[in-house]
Structure formats: C-alpha cells, structure tokens
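These notes are about the structure you will find just below.
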Ligand code: B12
Ligand code: SF4
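Numbering (our numbering), first residue to last: 1 to 616.
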C-alpha cells in the first residue's frame, strides 16, 4: 500500500516555513546546550554487487542533512556515526563533550533495520535517569514506523518516537519539546511531558507510544503524513554535515573530535547531494511518487552550483551523486540546472573543471534530452544510472524498449557520458530465450552492445510503501524461512531471492550470478582494454575489475542461499508485516503509516482504545 496523500494543495510546507523554524530554534538553542549523536545503521552482510563501493565510500546524505539541520539550528555539539565505518560502535558507551548525549538519533533503511534495532536496544541499556531521548528516522521509519516498536515483552526494544518525515518534522518536534522543557530537565522527560500535554499531536510526521504494559506500549499514535519541503533551497547548508562525522575506528566509544576536514575526501570520495526529489512515473513496485505526494521538488540551480563548489573548496570533494529519483523528470528544470552548472564560475575557475556529477534518470527522459546531452556533459556529468528494468517492458512499462534503450545508450556514449543500466529480474523472465530479446542474458548482451559500462541486476523484491507490497504477501510469494533459515531484513536487498512463485526459485538466484558473470569477466575486461581508447571505454575497463571483485563477494554471500532454495523447505508468509501494537491516528481513526489496511478500525472513547486491529 502506498503512503496516503495529504489533501490536494496541502502537500507542501508554506514558503519560508522551514527557514523561520530554523531561526526560531537558533534563538533558544544556547539556553539548552544539547548534545546529540546521530547514528546511521548499516548491516555489513549487505556488502556485495552492485553497491560494493558506493555503500561505504559515500557518507549518506540523510544523516548528514539531519546533522546539518542541527548545527544550523544552533546545536553544534552533534556527532554522526556511520556503522559503515564504525561497526563496533555501542550507543551504551557513547559520550560527547564528556556527557551522555541528550538525544540519540538513528537512521535506517529497511534492510539495515536489524542493526538499527540492535543500536536502540543497546542505547536502552543506559540507566533510565541518564538515557537520551531516542528518535528513529530515515526510509525504514517513513514506510514501516511500527517496526521500530517491539511488541515482544521479552525484548521491549523501541524508540521513544519515530519521525516519518524529513528535517522539518524533527526540528518541529524539538521546538515543541524545548518549549516545555524545564531547566536541567532531561530531553526524554520533557518529551514525555509534551506528549502527555497533547503537544505532539500538532506535528504531522510522528509516531509515538502511549501507555505501558510490561514495557510494551498500549498503542501507537500516528500524527499523519508530513508536509513536504517544496523549495529545497530552505535546507541547511550541507557543508556542516561532513564536519560532524566520526572517524572510522574499531572502538565502541566516540573519539574526542570529529574527522579532520582533510580526510573526508579519502574516506568518502563520492558526495551524495540533494538536487531534486520526485518522479512523474508511477511504477507499481516503487514507493517514490507517493512518498513525494506526486510533487517534484528541487533546489535552485544557483544553489546546486554553489553547494558543489563549497563542498569542493572545503573538503576537496570532486565526485557528486545526485540523490535524485529521476533527474530528467522535467526538461525545462533540467536545462536550467545544466546550463547553470556549465556556466558557473567561482573565484575565476569554471565549476565544470572542478567537479564531476552522476545521477539516476529514465530511458524515456534521456531520449527527450538527446540533443542536450553534450551540454549535460559540459556541465560535469559523466555517468547516468538508467532504470532499464526489463527492456521489453513486459514487467514494467515506462516508455522503454530495446530500440529506445539502444538509442539512449548510444547518444550518451557519443556525448561522453557512461550509461549504467539497472535491470530487474523476475519470475517470468528466463535466463535465455531463443530468437527473442526476453531472456536475461539476451538483454545483458544487448545492453553491452549498446555500450553499458556497468550492470545492476536485482531480483524483483517487495518494497514497503508500494502498490504491490501487500499483494506479494497475500498471494504467498514471500518466503518466511528457507531450509530452516529465517529471511531477515538484510536479505531484502534484491540480491537474495526472497519472494517468488517460480517452481524452482534457485534458478532465479543462479540466473543473477550467471548474468553478472556474463557481463563482468576477463574477456570483456580485455576487450575494453584493447578497443579504441576513449574515456568511456577506460571507465568500462575499470568497472570490469570492480565488477569481478564484487561478483566474488556476491557469490560468497549468496551461494549457500541458492543451495537452501534448491534443497530446503520453503515456508511462505501469508500476511504483510503489520504493527504488533495497535495504531491509530490522533483522532482515533486508522493510522496513515499502519501499512496493511487491516479490516478492523480502531475506536477510541475517552482516550481509551476499545476496538483493536489484529496484531501479528
Ligand atoms: C543514493 C541512494 C542509494 C545509494 C546510497 C549511498 C549512500 N551511502 O548514501 C546506493 C546506490 C548505494 C543505494 C543502494 C541501495 N538502495 Co538506495 N537510495 C538512494 C536514494 C536515491 C537517495 C538517498 C539519499 O541520499 N537521499 C537524500 C537524503 C537527504 O534523504 P533520506 O536519506 O531519505 O533522509 C531524509 C529523511 O529520510 C529523514 N531522515 C533520514 N535519516 C533520519 C534520521 C532521523 C533521526 C530523522 C529524524 C530523520 C531522518 O531526513 C532526511 C533529510 O530529509 C534513495 C531515494 C531518495 N530519493 O531518497 C534510495 C533509497 C534510500 N534506496 C533504497 C534501497 C531499497 C536501496 C537498495 C536496497 C537497492 C534496491 N534494492 O533498491 C540498496 C541498498 C544498499 C546498501 N547495502 O545499503 C530505498 C530504501 C527503502 C527503504 N524502505 O528502506 C530508497 C528510499 C529508494 C526507494 N525505493 O524508495 N541507494
Ligand atoms: S521511474 Fe523510477 S523513480 Fe520513477 S516511479 Fe518508476 S521506479 Fe520509481
């Protein structure tokens, strides 16, 4: 089920609403002198193709944005810990500036949620008198906030509050808490007082617990869908976030200072940067259009240029990856952006000489931009990731076809931009098809001939917040256990076959490996090295080496799963995940983030829940 849409015309914050909240917080910040730690959950079992390098060498933008927002709002005593770099970090031992933090925040994608819960569990080992306020956020919290509250009395791990939105929601929550906080009072105690006074109900984008029985809340209150920031220029300066990063270490504790500015470029050579959000397509397996409330949100082109320049100047960052859903979504906006980037000059140096940028687009929109690709190259773009999915458009049709894909790839290569296809393997696609373009290998060959520089093949996997999510479970496609092993969140990365109606799902698992091996191998490395030398062909040779190393890791991680799929008993789920604790909206109606549309609505009388939804 997709996230519900706010009423038309009320999807976005008012202009300047975030900017003025930032200013108000700055006025009260000094009085509160908060110490905050923001952790990014990362499960190292997910390290394999196609993300093997980007997963740890690109400090995630989500936690950096939250850190930047904290500094900008007047709370500079903030540290960002990436589990990517600090896998032994223990929140129970964290101290910053000699103090146990006032707030511990944790950000997670769905597939890293085991690690996220482990960090929350550990933070709760801090004795109640000193325990920080625990706030969870990030993509997992957006789509499945209820999963951050355990319903198991033997393990009552939970956040104090989950933010299902972006910076504005967090800052709004802080403003509300600080407005009731007494001098010397802990943030946790102030939070619960604000909750009991009903103040949180005015902040759309929260899920918080009420009541307590054996450590498990009686209910979760969902304050609804956030209002989104429309003008991304109102975001805090992204330069702040990098200064807050904890240096990589094997310690459980935090260092006395954050990472030095001159080490950032080596540790995180790729800088993910917010440029635009949203996409005009409506693929059934994708949560992005609904998350964005069907809005297309952007920064001004001037701000983008300035931000890249400043990140380059401060930290030497040269390679940028746009956190875009579909950068070419609007032709007019794209042209404005690339023209600005191509012309921008700072201190007498053209920006395009200092930076290289990359992002995600669609085949359809690339063809719309065909004649402008040389300009896009001039603006510093060197590679574009394209959601080709299935070239024959059998699985999903977003305007792609074999001819169009080939045309788009050729145009990109001619312009000096590397085409990086992303494919989706699915039950009805064979490994090879005779005389058609339907098979996986057939399509990989076509993509290689068309000039693909890298390859991504992921298995179609249910994704929370999509139209197809619930249906995958109710039709019995999703595995619960295979050969006695439970399917855990880290396996929902598209590399493991965890949902399939195929009679032999192990075929699907092997197909992906064979597909990768047919693309990344010594023959194609040699071919790329020997063919006419262009910048794109040199990059293709480099990608072959990365791909072969990544493939070894992928085989190592997934081969036992193939064996289990082949010989083990497959137990399937019958329902989608749902909250183990009753959830309701502020008004006592069904909650916006409850996910599965349970048949039983909740009724609240005099503040007490009298009818509960089924808990799983
Ligand atoms: C860049 C990107 C990547 C990069 C990540 C590199 C990196 N280290 O940053 C790469 C290419 C490696 C990648 C890989 C994958 N990705 Co990815 N990726 C993105 C993308 C396009 C941008 C992420 C980003 O930087 N956003 C910008 C920041 C500012 O936004 P944000 O992270 O959402 O954070 C905001 C809020 O969530 C919130 N917030 C975040 N953290 C916190 C914490 C607290 C305490 C609070 C209060 C708020 C808060 O505030 C932030 C600021 O507004 C997003 C889609 C998108 N547009 O966001 C998908 C996305 C994050 N990826 C997704 C997925 C599923 C994957 C993969 C599993 C591949 C796949 N099957 O699709 C792999 C996983 C790899 C791995 N091992 O981790 C999903 C996650 C869905 C989910 N439920 O978790 C997303 C959301 C796309 C989607 N389908 O909707 N990805
Ligand atoms: S084109 Fe990409 S971002 Fe847009 S809806 Fe489809 S999968 Fe999602």
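Glycine included, every Cβ here is placed at the ideal spot set by N, Cα and C. This one's a predicted model, so the numbers in the text were calculated from it and none came from an experiment.
**Report entry** Buried versus exposed, by CB contacts within 10 Å (16 or more), residue 567
**Finding:** Here the question's residue 567 lines up with position 567 in the chain shown. With fewer than 16 Cβ atoms within 10 Å of its Cβ, residue 567 is classed as exposed.
Query raised in the report: If we ignore side chains and look at the alpha-carbon of each, how far apart do residue 549 and residue 24 end up?
Result: Counting from one through the chain shown, the residue named residue 549 turns up at place 549. Counting from one through the chain shown, the residue named residue 24 turns up at place 24. C-alpha separation (whole angstroms): 51 angstroms.
Requested in this report: Give the single residue among 592, 83 and 442 whose Cα lies nearest to the Cα of residue 518.
Outcome: If you number the chain shown from 1, residue 518 lands on position 518. Nearest C-alpha to residue 518: 442.
Query raised in the report: Rounded C-beta distance between residue 539 and residue 402? I'm assuming under 8 angstroms.
Result: Position 539 of the chain shown, counting from 1, holds the residue named residue 539. Position 402 of the chain shown, counting from 1, holds the residue named residue 402. So it is not a contact: roughly 24 angstroms between Cβ atoms.
Query raised in the report: Rounded to a whole number of angstroms, what is the C-alpha to C-alpha distance between residue 601 and residue 168?
Result: For the purposes of this step, residue 601 is identified with residue 601 of the chain shown, where counting begins at 1. For the purposes of this step, residue 168 is identified with residue 168 of the chain shown, where counting begins at 1. Any reading at residue 601 needs caution, since the residue's pLDDT is 37, under 50, leaving its predicted position unreliable; the model's value is listed next. Distance between the alpha carbons of residue 601 and residue 168: 30 angstroms.
Query raised in the report: Do residue 108 and residue 130 have their C-beta atoms within less than 8 angstroms of each other?
Result: One-based indexing of the chain shown puts residue 108 at position 108. One-based indexing of the chain shown puts residue 130 at position 130. Result no, Cβ atoms of residue 108 and residue 130 do not sit closer than 8 angstroms.
Requested in this report: Just the C-alpha distance for residue 91 and residue 343, rounded to the nearest angstrom, thanks.
Outcome: On the chain shown, residue 91 is found 91 positions in, with the first residue counted as 1. On the chain shown, residue 343 is found 343 positions in, with the first residue counted as 1. Roughly 46 angstroms between the two C-alpha positions.
**Report entry** Alpha-carbon spacing of residue 613 relative to residue 590, whole angstroms
**Finding:** The residue you call residue 613 lines up with position 613 of the chain shown. The residue you call residue 590 lines up with position 590 of the chain shown. The predicted position of residue 613 is uncertain, since its pLDDT is 33 and thus under 50; no value can be drawn from it.
Requested in this report: Could you spell out the range, first to last residue, of the beta strand (DSSP E) harbouring residue 222?
Outcome: Taking the chain shown and counting its residues from 1, one reaches residue 222 at position 222. Segment 219-222, the beta strand (DSSP E) holding residue 222.
Query raised in the report: Which partner residues of residue 456 appear in the DSSP bridge assignment?
Result: As a first step, residue 456 must be located in the chain shown, where it is residue number 456. Note: residue 456 sits in a beta bridge opposite 422.
Query - Closer than 7 angstroms: residue 256 CB and nearest ligand 1 heavy atom - result: Counting from 1 along the chain shown, the entry for residue 256 is found at position 256. Checking every heavy atom of ligand 1 against the Cβ of residue 256, none is found closer than 7 angstroms.
Report task. With DSSP collapsed to three states, give me the class of residue 488. Result -> Start at 1 with the first residue of the chain shown, and residue 488 comes out as number 488. Coil at residue 488, not helix or strand.
Query raised in the report: Taking the alpha carbon of residue 221 as the point to measure from, which residue in 238, 234 and 202 has its own alpha carbon closest?
Result: Here the question's residue 221 lines up with position 221 in the chain shown. Selected option, being the one with the closest Cα: 202.
Query - Inter-residue spacing [alpha-carbon to alpha-carbon] between residue 185 and residue 32 - result: Position 185 of the chain shown, counting from 1, holds the residue named residue 185. Position 32 of the chain shown, counting from 1, holds the residue named residue 32. So the alpha carbons of these two residues sit roughly 10 angstroms apart.
Query - Under 8 angstroms between C-beta atoms of residue 106 and residue 39 - result: Within the chain shown, the letter at position 106 stands for residue 106. Within the chain shown, the letter at position 39 stands for residue 39. Yes. Within cutoff.
Query - Whole runs of the alpha helix (DSSP H) within the segment 463-518, excluding any shorter than 4 residues - result: 469-474
Requested in this report: Identify, in the order they occur along the chain, each residue of the same chain with its Cβ nearer than 8 angstroms to the Cβ of residue 157, setting aside the five sequence neighbours on each side.
Outcome: Your numbering for residue 157 matches position 157 in the chain shown. Cβ within range, chain order: 117, 120, 121, 124 and 150.
Requested in this report: Let me know the secondary structure DSSP gives residue 145 once reduced to three states.
Outcome: Position 145 of the chain shown, counted from the first residue, corresponds to residue 145. Residue state, collapsed to three classes: helix.
Requested in this report: For the segment 306-342, list the beta strand (DSSP E) runs that are entirely contained and at least 3 residues long, ordered along the chain.
Outcome: 319-322
Query - Residues that residue 103 bridges to, as DSSP identifies them - result: The residue you call residue 103 lines up with position 103 of the chain shown. DSSP lists 36 and 133 as partners of residue 103.
Query raised in the report: Looking only at DSSP bridge pairs, what is residue 162 linked to?
Result: The sequence position of residue 162 within the chain shown is 162, counting from 1. Its beta-bridge partners are 136 and 207.
**Report entry** Exposed unless 16 or more other CB atoms sit within 10 angstroms - verdict on residue 545
**Finding:** Along the chain shown, one-based indexing puts residue 545 at 545. It counts as exposed.
Query raised in the report: Is it a yes or a no for the segment 4-13 touching the segment 68-83, going by three-plus beta-carbon pairs under 8 angstroms?
Result: no
Report task. Thinking residue 355 and residue 318 are a contact (beta carbons under 8 angstroms), I'd like their distance in whole angstroms, please. Result -> Taking the chain shown and counting its residues from 1, one reaches residue 355 at position 355. Taking the chain shown and counting its residues from 1, one reaches residue 318 at position 318. Their Cβ separation, rounded to whole angstroms, is 6 angstroms, which keeps residue 355 and residue 318 in contact under 8 angstroms.
Requested in this report: Mind checking which residues open and close the alpha helix (DSSP H) that includes residue 121?
Outcome: Position 121 of the chain shown, counted from the start, is the residue given in the question as residue 121. Per DSSP, residue 121 belongs to the alpha helix (DSSP H) from 113-123.
Query raised in the report: What separation, rounded to the nearest whole angstrom, lies between the Cα atoms of residue 554 and residue 126?
Result: Position 554 of the chain shown, counted from the first residue, corresponds to residue 554. Position 126 of the chain shown, counted from the first residue, corresponds to residue 126. Looking at the two C-alpha atoms, the distance is approximately 38 angstroms.
Query raised in the report: Hey, how far is the Cα of residue 6 from the Cα of residue 249?
Result: One-based indexing of the chain shown puts residue 6 at position 6. One-based indexing of the chain shown puts residue 249 at position 249. The straight-line gap from Cα to Cα measures roughly 43 angstroms.
Query raised in the report: Within the chosen definition, does the segment 288-295 reach the segment 198-217 through at least 3 CB pairs nearer than 8 angstroms?
Result: no
Report task. Express the C-alpha separation of residue 333 and residue 504 in angstroms, rounding to a whole number. Result -> For the purposes of this step, residue 504 is taken as the residue at position 504 of the chain shown. For the purposes of this step, residue 333 is taken as the residue at position 333 of the chain shown. If you take the alpha carbons of residue 504 and residue 333, they lie about 46 angstroms apart.
Report task. Decide yes or no for the touch test of the segment 40-53 against the segment 304-318: beta carbon pairs closer than 8 angstroms, at least 3 of them. Result -> no
Report task. Kindly provide the ranges of any beta strand (DSSP E) runs that are 3 or more residues long and lie completely inside the segment 382-426, ordered along the chain. Result -> 418-425
Report task. Would you mind working out which of 514, 595, 385 and 524 sits nearest residue 468, comparing C-alpha positions? Result -> Taking the chain shown and counting its residues from 1, the one referred to as residue 468 is at position 468. Answer by Cα proximity: 595.
Query raised in the report: Under three-state DSSP, which class holds residue 350?
Result: Position 350 of the chain shown holds residue 350. Three-state DSSP puts residue 350 in a strand.
Query raised in the report: Who are residue 560's beta bridge partners in DSSP?
Result: Start at 1 with the first residue of the chain shown, and residue 560 comes out as number 560. For residue 560, which the question treats as bridged, DSSP gives no partner whatsoever.
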